[in-house]
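Residues -16 to -1, 1 to 277 (mature numbering (1 follows the signal peptide of the UniProt record, and there is no 0)) make up the sequence shown, in order.
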Amino acid sequence: MRRICLVALIGLPAAGKSSLCSWLLGQQTALRVRHIVHLCYDDFLDATPSADLAYKEQRGRIFKLIEKLISAIQEDADWPPQVRRISSSSDYSRGRHLILCDDNFYYRSMRFKLYQLCRDSGCIFGQIYMASSLDSCLQANSLRSDATRVPVNVVRQMNERLEVPDTSEAWERNSLTFNGLDMDATGSALLAFIAALLDLPAKETTSDLPPAAARGLLGQDQSLVHRLDLLLRTRIGALLERLTQEEDKRLAGQTLNSRRKEILTKFRTEVGGKQIDGEGEGDALDYYVNLLN
């Protein structure tokens, strides 16, 4: 079965989104994926006044391209010729595909459209928010070439309008935030986050159900378990990052992952089937994540 994970990159121009994608393109073996696609919106958008198509229509065409790409992967058909990919021939990665949508996505509605596509097509949706400061983005943007530099007033306007991920919303729960690009410090946490996304079950079995039935089948118990697993994997990545010796990391990783499975079992036993709403969800998850320490 083919498993497709689509990750939206969020952040101001020059926040480090494309650099993060470039780093991930070299992590194919670690992520155990068949293909990694870096879909940079800047490669398809023409924001100049002389553009043939309006900006909104151009974005619509990119969305259609993503739809075609997902269909091609699922049906084992020819990919759209505009799409570049990094491939692996390893058997263990044959069914796993990672699509990186590299754009500013400063409005929540822009991201929600991708989430809906994933929900309707049985894909997994996640988000990475590059929370670089306005000043650092302006500085990095000033170092770009004339062809790629974004006007300062546009960057400032995006900063004012940026709607950061709200993890209290169910569809934005699978989000990770970085305050700067330092892969030596955060690389393990990033890999753990994406690995956890790839391990989540796709919602394809509920696509034909009425919304209420789908919410019941993919209900609170299941979603909370997967949220906890995601948080635990991210915490493990952060804990391993503190170790300097590879052997220490390997041994600690085995211990922590065994502990992760124990915590998930404990969570299912103690919380499974109970109704937890609002702030209670966060408190419950925090309690079980802290058991990993």
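All C-beta atoms, glycine included, are put in the ideal place defined by N, C-alpha and C. This structure is a prediction, so every number in the text was calculated from the model and none was measured.
**Prompt:** Is it true that the segment 216 to 226 meets the segment 168 to 186, where meeting means three or more beta-carbon pairs spaced less than 8 Å apart?
**Reply:** As far as the Cβ criterion goes, the segment 216 to 226 touches the segment 168 to 186, which means the pair count is three or higher.
**Request:** If I'm right that residue 142 touches residue -5 with Cβ under 8 Å, what's the distance once you round it to whole angstroms?
**Result:** By 1-based counting over the sequence shown, the position of residue 142 is 158. By 1-based counting over the sequence shown, the position of residue -5 is 12. A Cβ-Cβ distance of about 6 Å is found for the pair residue 142 and residue -5, placing them in contact under the 8 Å criterion.
**Asked** From residue 229 to residue 30, what does the alpha carbon distance come to, in whole angstroms?
**Response** Along the sequence shown, read from residue 1 onward, the residue named residue 229 stands at position 245. Along the sequence shown, read from residue 1 onward, the residue named residue 30 stands at position 46. Rounded to whole angstroms, residue 229 and residue 30 show a C-alpha spacing of 47 Å.
**Message:** What does the alpha-carbon distance come out to for the pair residue 112 and residue 239?
**Reply:** Counting from 1 along the sequence shown, the entry for residue 112 is found at position 128. Counting from 1 along the sequence shown, the entry for residue 239 is found at position 255. Within the model, the alpha-carbon separation for residue 112 versus residue 239 is close to 27 Å.
**Asked** Within this structure, are the beta carbons of residue 37 and residue 83 separated by less than 9 Å?
**Response** Here the question's residue 37 lines up with position 53 in the sequence shown. Here the question's residue 83 lines up with position 99 in the sequence shown. Judged by beta-carbon spacing, residue 83 lies beyond the 9 Å limit of residue 37, meaning their Cβ atoms are not closer than that value.
**Item:** When 95, 166, 35 are compared against residue -7, the one with the closest alpha-carbon
**Value:** Reading the sequence shown from its first residue, position 10 is the one you call residue -7. In terms of Cα proximity to residue -7, the closest of 95, 166, 35 is 95.
**Request:** Reducing DSSP to helix, strand and coil, say where residue 85 ends up.
**Result:** Within the sequence shown, the letter at position 101 stands for residue 85. Of the three classes helix, strand and coil, the one that applies to residue 85 here is strand, per DSSP.
**the segment 208 to 219 in contact with the segment 237 to 251 per 3-pair CB rule at 8 Å** = Output reads yes: the segment 237 to 251 touches the segment 208 to 219.
**Prompt:** For residue 144, which of 156, 60, 118 has the nearest alpha-carbon?
**Reply:** Reading the sequence shown from its first residue, position 160 is the one you call residue 144. Closest by alpha carbon: 118.
**Request:** Report yes if the C-beta of residue 107 is less than 8 Å from at least one heavy atom of the ligand HEM; otherwise report no.
**Result:** Judged by which ligands are present, the structure shown has none, so any question about the ligand HEM falls away.
**Item:** Residue of -12, 88, 59, 157 minimising C-alpha distance to residue 1
**Value:** Taking the first residue of the sequence shown as 1, we reach residue 1 at position 17. Of the residues -12, 88, 59, 157, the one whose Cα lies closest to the Cα of residue 1 is 88.
**Request:** Leaving aside the five residues before and after residue 67 along the sequence, list all residues of the same chain whose C-beta is less than 8 Å from its C-beta, in chain order.
**Result:** Against the sequence shown, residue 67 aligns to sequence position 83. Scanning its chain for C-beta atoms nearer than 8 Å, with the 5 sequence neighbours on each side dropped, one finds around residue 67 the residues 21, 23, 49, 53, in chain order.
**Request:** Between the Cα of residue 165 and those of 267, 120, 243, spot the shortest distance and give me the residue it belongs to.
**Result:** Taking the first residue of the sequence shown as 1, we reach residue 165 at position 181. Check the Cα spacing between residue 165 and each of 267, 120, 243: the tightest is with 120.
**Asked** At what residues does the beta strand (DSSP E) containing residue -9 begin and finish?
**Response** Against the sequence shown, residue -9 aligns to sequence position 8. Start and end: -14 to -7.
**Request:** Could you have a look at residue 24 and say whether DSSP puts it in helix, strand or coil?
**Result:** Taking the first residue of the sequence shown as position 1, residue 24 is located at position 40. Residue state, collapsed to three classes: strand.
**Prompt:** Is the distance from the Cβ of residue -12 to the Cβ of residue 181 below 9 Å?
**Reply:** As a working note, residue -12 is residue 5 in the sequence shown. As a working note, residue 181 is residue 197 in the sequence shown. Yes, Cβ-Cβ distance for residue -12 and residue 181 is below 9 Å.
**Message:** Tell me the rounded alpha-carbon separation between residue 116 and residue 98.
**Reply:** Taking the first residue of the sequence shown as position 1, residue 116 is located at position 132. Taking the first residue of the sequence shown as position 1, residue 98 is located at position 114. Cα to Cα, residue 116 sits roughly 23 Å from residue 98.
**Distance CB(residue 9)-CB(residue 70) smaller than 9 Å** = Along the sequence shown, one-based indexing puts residue 9 at 25. Along the sequence shown, one-based indexing puts residue 70 at 86. Yes, Cβ-Cβ distance for residue 9 and residue 70 is below 9 Å.
**Request:** Pull up the distance between the alpha-carbon of residue 125 and that of residue 26, whole angstroms please.
**Result:** In the sequence shown, residue 125 corresponds to position 141, counting from 1. In the sequence shown, residue 26 corresponds to position 42, counting from 1. If I take the Cα positions, the gap works out to 14 Å.
**Prompt:** So, using beta-carbon positions, are residue -3 and residue 122 closer together than 9 Å?
**Reply:** Within the sequence shown, numbered from 1, the residue matching residue -3 stands at position 14. Within the sequence shown, numbered from 1, the residue matching residue 122 stands at position 138. For the 9 Å CB-CB criterion, residue -3 and residue 122 form a contact.
**Request:** Starting from the C-beta of residue 149, find all residues in its chain whose C-beta is less than 6 Å away, skip the five residues before and the five after it, and write them out in chain order.
**Result:** In the sequence shown, counting from the first residue as 1, residue 149 sits at position 165. Apart from sequence neighbours up to five positions away, the residues of its chain that approach residue 149 with a beta-carbon distance below 6 Å are 111, 113, 156, 159, ordered along the chain.
**residue 111 (DSSP reduced to helix, strand or coil)** = As a position in the sequence shown, residue 111 is number 127, starting the count at 1. Strand at residue 111.
**Request:** Check whether the Cβ atoms of residue 19 and residue 57 lie closer than 9 Å to each other.
**Result:** In the sequence shown, residue 19 corresponds to position 35, counting from 1. In the sequence shown, residue 57 corresponds to position 73, counting from 1. Result yes, Cβ atoms of residue 19 and residue 57 sit closer than 9 Å.
**Asked** Beta-carbon separation of residue 80 and residue -14 under 9 Å?
**Response** Your numbering for residue 80 matches position 96 in the sequence shown. Your numbering for residue -14 matches position 3 in the sequence shown. Yes; because the gap between Cβ atoms is below 9 Å, this pair is in contact.
**Prompt:** Can you list, in chain order, the residues of its chain whose CB lies under 7 Å from that of residue 51, leaving out five sequence neighbours each side?
**Reply:** The count along the sequence shown starts at 1 and reaches residue 51 at position 67. Once the five neighbours on either side are set aside, the close Cβ partners of residue 51 are 101.
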